[in-house]
Every structure is written in structure tokens, then in C-alpha cells.
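K.L.:
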Amino acid sequence: MKPYTATIPKTGVDYEMVPIPCGEFTMGSPEDEDGRFDDEGPQHKVKIEPFWMGKYEVTWVQYEPYMITPVARNKDGSPETITPDMEPVDITSSPTAPYTEMSFGMGNGEGFPAICMTQHAANKFCQWLSAQTGHFYRLPTEAEWEYACRAGTDGPFHCKPEELGDYAIFDPTQIRTGYEKVGTRKPNPWGLYDMHGNVMEWVIDGYSEKTYEGRKDGLINPIDWPTSLYPRVARGGSWYDPAEELRSARRIFSDEAWKVLDPQLPKSIWYHTDAHWLGFRIVRPLKTPSAEEMEKYWSIGTLDEG
Numbered sequence: 336m337k338p339y340t341a342t343i344p345k346t347g348v349d350y351e352m353v354p355i356p357c358g359e360f361t362m363g364s365p366e367d368e369d370g371r372f373d374d375e376g377p378q379h380k381v382k383i384e385p386f387w388m389g390k391y392e393v394t395w396v397q398y399e400p401y402m403i404t405p406v407a408r409n410k411d412g413s414p415e416t417i418t419p420d421m422e423p424v425d426i427t428s429s430p431t432a433p434y435t436e437m438s439f440g441m442g443n444g445e446g447f448p449a450i451c452m453t454q455h456a457a458n459k460f461c462q463w464l465s466a467q468t469g470h471f472y473r474l475p476t477e478a479e480w481e482y483a484c485r486a487g488t489d490g491p492f493h494c495k496p497e498e499l500g501d502y503a504i505f506d507p508t509q510i511r512t513g514y515e516k517v518g519t520r521k522p523n524p525w526g527l528y529d530m531h532g533n534v535m536e537w538v539i540d541g542y543s544e545k546t547y548e549g550r551k552d553g554l555i556n557p558i559d560w561p562t563s564l565y566p567r568v569a570r571g572g573s574w575y576d577p578a579e580e581l582r583s584a585r586r587i588f589s590d591e592a593w594k595v596l597d598p599q600l601p602k603s604i605w606y607h608t609d610a611h612w613l614g615f616r617i618v619r620p621l622k623t624p625s626a627e628e629m630e631k632y633w634s635i636g637t638l639d640e641g
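Residue 336 is where the sequence shown starts when you use my numbering, and the numbers rise one by one after that.
1) Using three-state DSSP, classify Phe460 as helix, strand or coil.
2) Please report the Cβ distance between Ser573 and Asn523, rounded to the nearest whole angstrom; I am assuming they are in contact, meaning their Cβ atoms lie under 8 angstroms.
3) Out of Lys390, Cys451, Thr508, Trp560, point me to the one whose CA is closest to Asp529's CA.
4) Using the Cα positions of Asp576 and Tyr547, report the straight-line distance between them to the nearest angstrom.
5) What separation, rounded to the nearest whole angstrom, lies between the Cα atoms of Asp373 and Lys545?
6) Quick check on Leu499: buried or exposed, where buried means 16 or more other Cβ atoms within 10 Å of its Cβ?
7) Identify every residue that forms a DSSP beta bridge with Met452.
8) Please report the distance separating the alpha-carbon of Val568 from that of Glu536.
9) Which one of Pro507, Pro377, Phe505 has the shortest CA to CA distance from Asp367?
10) If Gly358 and Ile383 are in contact, beta carbons under 8 angstroms, what's the gap, nearest whole angstrom?
11) Which value, in whole angstroms, describes the spacing of the CA atoms of Phe505 and Thr512?
12) Sort out for me which residues DSSP pairs Glu359 with in a bridge.
13) Checking the sheet assignment: what are the DSSP bridge partners for Arg473?
14) On the three-pair Cβ rule with 8 angstroms, is the stretch 553-571 touching the stretch 469-485?
15) Compute the beta-carbon to beta-carbon distance between Ser583 and His470, rounded to the nearest angstrom, for a pair I have assumed lies under 8 angstroms.
16) Asp349 by DSSP, collapsed to three states: which one?
17) Name, in chain order, the residues that DSSP records as bridge partners for Ile555.
18) For a quick check, are the C-beta atoms of Leu474 and Ile403 less than 7 angstroms apart?
19) Could you please give the first and the last residue of the uninterrupted beta strand (DSSP E) stretch that includes Asp668?
20) For Tyr565, which of Pro338, His455, Tyr401, Glu580 has the nearest alpha-carbon?
21) What residue range does the alpha helix (DSSP H) around Val396 cover?
22) Helix, strand or coil: how does DSSP classify Ala503 here?
23) In the DSSP assignment, find the beta strand (DSSP E) that holds Ala569 and state where it starts and stops.
24) Relative to the C-alpha of Tyr339, which residue among Thr623, Gly526, Trp633, Ala503 is closest?
25) In the DSSP assignment, find the alpha helix (DSSP H) that holds Tyr632 and state where it starts and stops.
26) Please state whether the Cβ-Cβ distance between Gln397 and Trp633 is less than 7 angstroms.
27) What does the Cβ neighbour count give for Thr394, buried or exposed, with the cut at 16 atoms within 10 Å?
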């Protein structure tokens, strides 16, 4: 496996992927870690298969070709009309246009991370990108995300706590007003940028405070498949958070309140939130799953109401 740069067809927009080796790590945090929550334990050994991960969080320049599409859409994002000459990429569900500028004034030009999408929207971007490129992309699992974030380390962060400002965009003094362009801080030991801070990142898993209870050591790529719309897991903390929220083991769970000011009119069950600190990054597993498995990853966001 090698790092690679690819171009999204018909857009001229590039994205970079970093290889993540297979291995085993200790998931969760020790009981004496500062800022720890009970849902981060008990610690357990997890085995991870190899995959590629986005070097950076998905940016507006990469996300907007999916979000802004010339195909007329129903409220749920599906095409109003499907014709024989339509490309598979056009049939993929995507958002209808929001009524406000989605970055909330923080910047949506090249290099700024895309924000405010639901987990469903992030999943459908992965499906769209897969249709565009012929490679299978999805959100990371919670285990894959923590493994990649730690990058062989076992402390609260992938760096020394006193060096966090060199690696992460966060808000220790509660005066920060927005995110920054991706990649402006140092990468972790495996070459991934902004795994701590800048924007929080969706993963595929549903949330339970008891997820780790009963897990045995040696599980391979565990996934806690969602069974309801809320809550779902996000990782990494954001520009809006203090340092303890950025820890490698910290688990954030989604809430319906994230959609109170949905920047779409009428409100979108499916695609938008006003969570201006929330984004995502993509992964590509080395082993390509079956078509049925792909669809499961891409469609879990529509459980219950969406």
C-alpha cells in the first residue's frame, strides 16, 4: 500500500489518501486519564485490517460538487426523474440547496473543511465518490478512527499534551471564532492532519455508553451498527472545544438538537445540520466488500426518520 492522490472526475478536484497498516491496539482510555468518561472503557484489544484514510478532512471544494448538482431533486434527495441516459453518479441521492451559506461565514474556499452535514449526507458523499471513481469509499468505523488517530501511541493524544497546539486547532480559552484550513498544523505519526480538533468527524457507528462492555480482546474491525437515527458517534473534537474533548478515546454522540437551525428550507430530515464544528473524512478498505455490504455502509443514515 502506498499513499496516493486522485482526482474527482469532471471536477479537477484532488484528494489525498494515506495508507494505514494492519495491526492491533488498545481501544478506549485508562481509568486515570484526565477528562475520561465512563463510555471510554473498559479498554480492550482490537485488530484492524489495512485501509487508506483521507490525509485531510473533506473540504468544501471536494464536497460542493456532490452537494450542488444540476439534477432536480425531491425533498429526500432522490432524483425527481430517472432516465436511461443518467449516470450512476446522478442517481445517487444528494441534498437540495440550502437557504444559507453553509460555512456560517467561517470560509468555504479551497482548503476549508466542509461542515454541517448529517451522517447520512456524509455516507451519500462516499457513495457518490465511489460512483465517480470506481473505488469503494465510506466513513471510518469508530475503531478504525481511533487506531488511525493514535498511530501507535497510547496516551491521551497522539502527541505530548504540552505540544497539542502544534498539532491541533482547538479552543483552550473559549475565544476562537471558527475553523482553519486543513493541514495548517503538524500531522500525526502516520501522516494524518487534524485528527485532533479543527472539525469533529463522523464515524459509521451508533452510540451506546455500554458499547465496550462485554467486548473480548482480539475483535477484528468491530462495528456497532446503528439501530436508530440517534445517537451516532463523532470523534476528534473541534475548534470549538477545550483540549480534553480532543483526546484520542473521546466519544461524542449526536443529538436531535444539532438540527434545530437546519440551514435548509424546509428543514431536511436527511442532509443538513447547523453543527458548524462537524465534518468527516473518508476511508477506503484494502479489501473491497460485496455490493450488499457497500449498500449497508451507505444507507444506514436513513434508519427511522433519516
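Glycine residues also receive a C-beta, built at the ideal position from the N, C-alpha and C atoms. Nothing here was measured: the structure is a model prediction, and the numbers come from that model.
P.N.:
Looking at the atomic coordinates:
1) In the sequence shown, the residue the question calls residue 460 occupies position 125. Phe460: helix per DSSP, three-state reduction.
2) Residue 573 sits at position 238 when you count from the first residue of the sequence shown. Residue 523 sits at position 188 when you count from the first residue of the sequence shown. Not really, about 17 angstroms apart at Cβ, beyond 8 angstroms.
3) By 1-based counting over the sequence shown, the position of residue 529 is 194. The residue with the shortest Cα to Cα distance from Asp529 is Lys390.
4) Your numbering for residue 576 matches position 241 in the sequence shown. Your numbering for residue 547 matches position 212 in the sequence shown. If you draw a straight line from the Cα of Asp576 to the Cα of Tyr547, it is about 25 angstroms long.
5) As a working mapping, residue 373 is identified with position 38 in the sequence shown. As a working mapping, residue 545 is identified with position 210 in the sequence shown. When rounded, the distance between both Cα atoms is 9 angstroms.
6) The residue you call residue 499 lines up with position 164 of the sequence shown. Buried, because 16 or more other Cβ atoms sit within 10 Å of the Cβ of Leu499.
7) Within the sequence shown, residue 452 is the residue found at index 117, counting from 1. Per DSSP, His607.
8) Sequence index remark: in the sequence shown, residue 568 carries index 233 (1-based). Sequence index remark: in the sequence shown, residue 536 carries index 201 (1-based). If I take the Cα positions, the gap works out to 9 angstroms.
9) As a position in the sequence shown, residue 367 is number 32, starting the count at 1. Comparing Cα-Cα distances from Asp367 to each of Pro507, Pro377, Phe505, the minimum goes to Pro377.
10) Here residue 358 corresponds to residue number 23 of the sequence shown, with the count starting at 1. Here residue 383 corresponds to residue number 48 of the sequence shown, with the count starting at 1. Confirmed, about 6 angstroms.
11) The residue you call residue 505 lines up with position 170 of the sequence shown. The residue you call residue 512 lines up with position 177 of the sequence shown. Phe505 and Thr512 have their alpha carbons spaced roughly 10 angstroms apart.
12) Within the sequence shown, the letter at position 24 stands for residue 359. For Glu359, which the question treats as bridged, DSSP gives the partners Lys382.
13) As a working mapping, residue 473 is identified with position 138 in the sequence shown. In the DSSP output, where bridge partners are listed per residue, Arg473 has Val618.
14) yes
15) Position 248 of the sequence shown, counted from the start, is the residue given in the question as residue 583. Position 135 of the sequence shown, counted from the start, is the residue given in the question as residue 470. Going by Cβ atoms, the distance from Ser583 to His470 rounds to 28 angstroms, so no, they are not a contact pair.
16) Sequence index remark: in the sequence shown, residue 349 carries index 14 (1-based). Three-state result, Asp349: strand.
17) Start at 1 with the first residue of the sequence shown, and residue 555 comes out as number 220. Answer is Lys382, bridged to Ile555.
18) By one-based count along the sequence shown, residue 474 stands at place 139. By one-based count along the sequence shown, residue 403 stands at place 68. Cβ atoms of Leu474 and Ile403: not closer than 7 angstroms.
19) As shown, the chain starts at 336 and ends at 641. That puts residue 668 outside it, with no answer to give.
20) Working through the sequence shown from its first residue, we reach residue 565 at position 230. Looking at the Cα atoms, His455 is the closest of the given residues.
21) Here residue 396 is taken as the residue at index 61 of the sequence shown, counted from 1. From DSSP, the alpha helix (DSSP H) with Val396 extends over 395-402.
22) Numbered from 1 along the sequence shown, position 168 holds the residue referred to as residue 503. Looking at Ala503 - three-state DSSP - the assignment turns out to be coil, as it is neither helix nor strand.
23) Translated into positions along the sequence shown, residue 569 becomes position 234. Here the beta strand (DSSP E) through Ala569 covers 567-570.
24) The residue given as residue 339 occupies position 4 in the sequence shown. Among Thr623, Gly526, Trp633, Ala503, the Cα nearest to that of Tyr339 is on Gly526.
25) Numbered from 1 along the sequence shown, position 297 holds the residue referred to as residue 632. Taken as a continuous stretch (DSSP letters only), the alpha helix (DSSP H) holding Tyr632 covers 626-634.
26) Translated into the one-based positions of the sequence shown, residue 397 becomes position 62. Translated into the one-based positions of the sequence shown, residue 633 becomes position 298. The answer is no: Cβ separation not under 7 angstroms.
27) Indexing the sequence shown from 1 puts residue 394 at position 59. With 16 or more Cβ atoms within 10 Å of its Cβ, Thr394 is classed as buried.
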